[in-house]
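First the structure, in the form of structure tokens, and then the observations on it.
Protein chains: 2
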Amino acid sequence: MDRLLPTELRDARAVNRTDDEADVVIVGLGIAGACAAMEACDTGADVLVIERAGGGGGTSANSGGLVYLGGGTPVQEAAGFEDTPEEMFKFLVAASGPGADEDKIRTYCEGSVELFHWLENQGLPFKRSFHPEPGMESPTDDCLVFSGGEDAAPFASVARPAPRGHKPRTEGKAGPFLMQRILAATARRPARQVLDTLCETLVVEPDGRVVGVVARTAGEERIFRARRGVILSAGGFSTNSEMVSRHVPQLGPCRPKNATEGDDGRAIRMGEAAGGTLLRMDQAEVALPVTIPHRLGRGVFVNERGQRFINEDTYYGHIGIEALFHQHGRVWLLVDDAIFEVNMVGMQPAHVAESMAELETAGGFPEGALQATVEHYNRYAKEGRDPVFGKRPGMTQALDRPPYALLDARTQSCFYACMTLGGLATRPGGEVIGPDGTVVPGLYAAGRTAALFSGRGYAGSGISLGDGAFFGRLAGRSAAAAAPV
Amino acid sequence: MDRLLPTELRDARAVNRTDDEADVVIVGLGIAGACAAMEACDTGADVLVIERAGGGGGTSANSGGLVYLGGGTPVQEAAGFEDTPEEMFKFLVAASGPGADEDKIRTYCEGSVELFHWLENQGLPFKRSFHPEPGMESPTDDCLVFSGGEDAAPFASVARPAPRGHKPRTEGKAGPFLMQRILAATARRPARQVLDTLCETLVVEPDGRVVGVVARTAGEERIFRARRGVILSAGGFSTNSEMVSRHVPQLGPCRPKNATEGDDGRAIRMGEAAGGTLLRMDQAEVALPVTIPHRLGRGVFVNERGQRFINEDTYYGHIGIEALFHQHGRVWLLVDDAIFEVNMVGMQPAHVAESMAELETAGGFPEGALQATVEHYNRYAKEGRDPVFGKRPGMTQALDRPPYALLDARTQSCFYACMTLGGLATRPGGEVIGPDGTVVPGLYAAGRTAALFSGRGYAGSGISLGDGAFFGRLAGRSAAAAAPV
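As they're listed, the protein sequences go chains X and B.
Numbers 1 to 485, taken from the working numbering, label the letters of the first sequence in order.
Numbers 1 to 485, taken from the working numbering, label the letters of the second sequence in order.
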């Protein structure tokens, strides 16, 4: 395999030393790697974790900290929400878009309550409380939020609405706290952590089996052997601009990336070089949080043709994907004076006018288009109805108090927080598979190094942390149970 | 590499016989394979072509036979259309969507006139004539058509409109004639053709170099060695339902597939197993030919919300991609009695009503939505204008002569002819590249086994045959020029 040297693969026959060795070698210490390490340790395996940064956490520690859990968790029950794995499954399949991996979603839903208890047992507390403002994590230490538009059209009629975004008990953004507790729990296990060490390639036997990694610490090469398996859990490719432009060119102008420097796609490419196939490389999570505070959802989103394209009361992740992938990132939020109060929102409108006709001209919309949209919207909004998109009555009100304002929500003007979702194709147990569905022996992936189970969409905030924790654990268990070489 | 045996790769060390050997071994005899074979022969290489069917042709022979050529071909000049490689480039980049491979497009445009002459020199005649009905190939033996909406919004203002769909001189559908002439020209070369032989795996040296193929004829295994290179040109994956549901789930319900049995993705998976990376696996050509005859484009397409989504006078491939990927395949064409004449069109309307309000209810549209769309459309159409989508004046007329009719153009009710466009990532010269952009030595790909240069779209009819011929030739030249092993 000389062709693949030195950047892609290392032939095991050419490796004549070993710096350390373990049953399971894990690459990357975000939530997926940490949960994989804990689970592998707990089944008795000898585990070694390699992290490129000076400490664990990765993009998980940079997140809001919501974990998507359901099916009847203690928090859901305490807050009075009935949920079952089946209702959770119905929601996730519908909200994940065409092509979702239903096997993985089913496994995830059926194991969700158990994951909740396991996380609490690791020292991650969840307050038994509900925060009624939907969307992102609460500013308080309250736990539960509707984080995927479960109670909005069209999903509210697909599955019984239940909030499933679970925030660990801390105020505001919870990613740092989440990973602090998860890393503390990991540190209580005997897994050895090798920090400041960048994994560069995989060590592969002539028969294709992955048996270790080649890494670099302070310029020096180090070889780590894996007796049972290597787990790649080193993030996605959000910060690799070449991979982004190849696979998800629409993300190019989006800022910020929900990512750290480590999300450079290296682990995905290492796994691919070893025979893994890639899945859903064109997919991304895209959040357009203009409608936080939620009150702004009483306005209407329009595309460059002045047409509405979504119910504005839904999850800002659904809005982001629709805006970026289907409306070319060229969208505006239209509000009237009753909705918009500059000081509370902190966002300056791009255009303000006393009449809709003037605003239409100022915003450069086609003649009559914005006026026709608002006229139709207002006609039913006066009755609290939205026959086109089914926005809920409390959020549907006529735009009739001038002045009217347009908030510029185009990619070049507005936050579009995004993250890649494509990666290595895996079985539910984390085994990386090749083009024909056969397993690459010795190789596992979890977190954003693996393709998320969603099809063409991102079901809700907390999905990626939930998936990382859940399938990270399964990968840890699978690798620990593999026959040693 | 035992892991990959027997389905994925064959270790050259385990191969102890050879049935035949050549400088260049080509897998698949459609337009790409044939052009690769001719070009390789013409540079003096010894060439062997393997085809699974009883004769060459493949999906190319099943096509309409348009070849997308421009930049000032003799047909364009004779018909009075001015074109340059630069205008062709501007159109193709715009119509190919975000993420298009501009290097390949530039190469293609700059070599297009030369390709035209080369095709004529192979015995493929093109009448010096223009057929004014845009869209698909002419029913006559006339050559040139607008096959990508070059003269429609928004492209007409991006690049000087020129028709570039070139049909070989025969009446009606020209794919069979095209491939008959191309295959006859191929047969005049000394390339050896091995028919009824299915290639199953690649033979790979321990250093990763591809040195041959393992094939099967009437149940017997045969080994073909390649001294300089193997070219994979065996089609896409349109007929592999598992690959389609994994990568382009939206195509599932679409019929017909522009494909033959051979488009099962095998060559793509063979190349991937040998170290090639995949690109744009989520992309497809999707034609929704409801607006043939073009006259029907005087109606308006609406989505399930009763909104328009495109200028109806454009290429039915742009309509198809927009309808399937962005409107979930749930679209209708609305016409009035002045446009629709059942006997000429042969399509029965799903709903007919004397008023737009009744039609709206019958079609299940949201209250008032269809009426609002038509009211706005008619207001400007009376002046021959379409301020929203820029449909051309001659095609823009008010829908005001009842009865009104809805043609059901949803995926389950209507033809959506489709073809996969994703495949192996290649350099312009056809070299297959791996995850890190390095070349897989000895391996080339062309036609739909390689990823098309388009980004998120399909620029026009004739692109795939043009790409197959053009980059097939380049691959043949590259492989023939490689150093022998």
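Heads up, the beta-carbon is just placed ideally off N, CA and C, and yes, glycines get one too.
If you're wondering where the values come from, they're calculated on a predicted model, not measured in any experiment.
Going by C-alpha distance, which of the options is nearest residue i?
i: B/Pro-176; options: B/Asp-101, B/Gly-54, B/Thr-59 and B/Asp-337; result: B/Thr-59
i: B/Arg-169; options: B/Glu-205, B/Asp-11 and B/Asp-141; result: B/Asp-141
i: B/Cys-143; options: B/Glu-150, B/Ser-129, B/Ala-152 and B/Pro-134; result: B/Ser-129
i: X/Ala-133; options: X/Gln-122, X/Gly-123 and X/Val-145; result: The displayed chain sequence assigns Glu, not Ala, to residue 133 of chain X. For X/Glu-133, the nearest C-alpha among the options comes from X/Val-145.
i: B/Ile-223; options: B/Phe-415, B/Asp-20, B/Val-352 and B/Gly-99; result: B/Asp-20
i: B/Gln-76; options: B/Ala-338, B/Ala-480 and B/Ala-162; result: B/Ala-162
i: B/Gly-379; options: B/Val-204, B/Val-113, B/Ala-398 and B/Thr-201; result: It should be noted that the sequence gives Arg, not Gly, for residue 379 of chain B. Ranking the options by Cα distance to B/Arg-379, first place goes to B/Ala-398.
i: B/Glu-220; options: B/Gly-71, B/Ala-234 and B/Thr-197; result: B/Thr-197
i: B/Gln-412; options: B/Arg-308, B/Gly-56, B/Gly-252 and B/Phe-309; result: B/Gly-252
i: X/Leu-92; options: X/Gly-149, X/Met-136 and X/Thr-43; result: X/Gly-149
i: B/Glu-171; options: B/Arg-160, B/Ala-185, B/Leu-183 and B/His-131; result: B/His-131
i: X/Val-302; options: X/Lys-257, X/Ala-259, X/Glu-383 and X/Phe-389; result: X/Phe-389
i: X/Leu-278; options: X/Ala-338, X/Gly-423 and X/Gly-364; result: X/Gly-423
i: B/Pro-256; options: B/Pro-289, B/Leu-66, B/Arg-246 and B/Ala-78; result: B/Pro-289
Quick one: is residue i buried, meaning 16 or more other Cβ sit within 10 Å of its Cβ, or exposed?
i: B/Lys-127; result: buried
i: X/Ser-138; result: buried
i: X/His-376; result: buried
i: B/Arg-269; result: buried
i: X/Ala-187; result: exposed
i: X/Pro-125; result: exposed
i: X/Gly-123; result: exposed
i: B/Met-1; result: Any answer about B/Met-1 is weak, because its pLDDT of 28 lies below 50 and its placement is not dependable; what the coordinates show is given next. Buried.
i: X/Ala-372; result: buried
i: B/Ser-157; result: exposed
i: X/Arg-10; result: buried
i: B/Asn-16; result: exposed
i: X/Asn-121; result: exposed
i: B/Lys-167; result: buried
i: B/Thr-201; result: buried
i: B/Asn-343; result: Confidence at B/Asn-343 is low in this model, with a pLDDT of 47, below 50, so its placement is unreliable and no value can be given for it.
i: X/Glu-272; result: buried
i: B/Pro-349; result: buried
i: X/Arg-13; result: exposed
i: B/Asp-83; result: buried
i: B/Gly-99; result: buried
i: X/Ala-381; result: buried
i: X/His-117; result: exposed
What number of angstroms, rounded off, separates the C-alpha of residue i from the C-alpha of residue j?
i: B/Thr-73; j: X/Glu-242; result: 35 angstroms
i: X/Ala-409; j: B/Ala-226; result: 55 angstroms
i: X/Ser-464; j: X/Gly-64; result: 11 angstroms
i: X/Tyr-316; j: X/Phe-471; result: 25 angstroms
i: B/Cys-254; j: B/Arg-330; result: 12 angstroms
i: X/Thr-314; j: X/Ser-96; result: 14 angstroms
i: B/Pro-154; j: X/Leu-333; result: 25 angstroms
i: B/Ala-274; j: X/Arg-228; result: 25 angstroms
i: B/Gly-55; j: B/Leu-195; result: 6 angstroms
i: X/Gly-320; j: X/Pro-484; result: 45 angstroms
i: B/Thr-426; j: B/Cys-199; result: 20 angstroms
i: B/Leu-359; j: X/Arg-385; result: 21 angstroms
i: X/Ser-112; j: X/Gly-235; result: 22 angstroms
i: X/Ala-480; j: X/Ala-45; result: 6 angstroms
i: B/Gly-70; j: B/Glu-312; result: 25 angstroms
i: B/Ala-40; j: B/Gly-430; result: 13 angstroms
Since I believe residue j is in contact with residue i (beta carbons under 8 angstroms), could you give me their beta-carbon distance rounded to a whole number of angstroms?
i: B/Ser-147; j: B/Gly-460; result: 5 angstroms
i: B/Glu-354; j: B/Pro-402; result: 5 angstroms
i: X/Gly-476; j: X/Tyr-68; result: Not confirmed; about 20 angstroms, so no contact.
i: B/Glu-8; j: X/Gly-434; result: 7 angstroms
i: B/Arg-189; j: B/Met-38; result: 6 angstroms
* Could you say if the region 19-37 of chain B and the region 443-459 of chain B meet the contact criterion of at least three C-beta pairs nearer than 8 angstroms? => yes
* the region 288-306 of chain B touching the region 259-276 of chain B, judged by at least three CB pairs closer than 8 angstroms -> no
* Asked: Is the region 316-331 of chain X in contact with the region 362-378 of chain X, if contact means three or more CB pairs nearer than 8 angstroms?
  -> no
* Asked: Would you say the region 284-291 of chain B touches the region 410-425 of chain B, given that touching needs at least three Cβ pairs under 8 angstroms?
  -> yes
* **Residues of the region 299-329 of chain B with Cβ closer than 7 angstroms to any Cβ of chain D, in chain order** => Of the protein chains in this structure, namely X and B, none is chain D.
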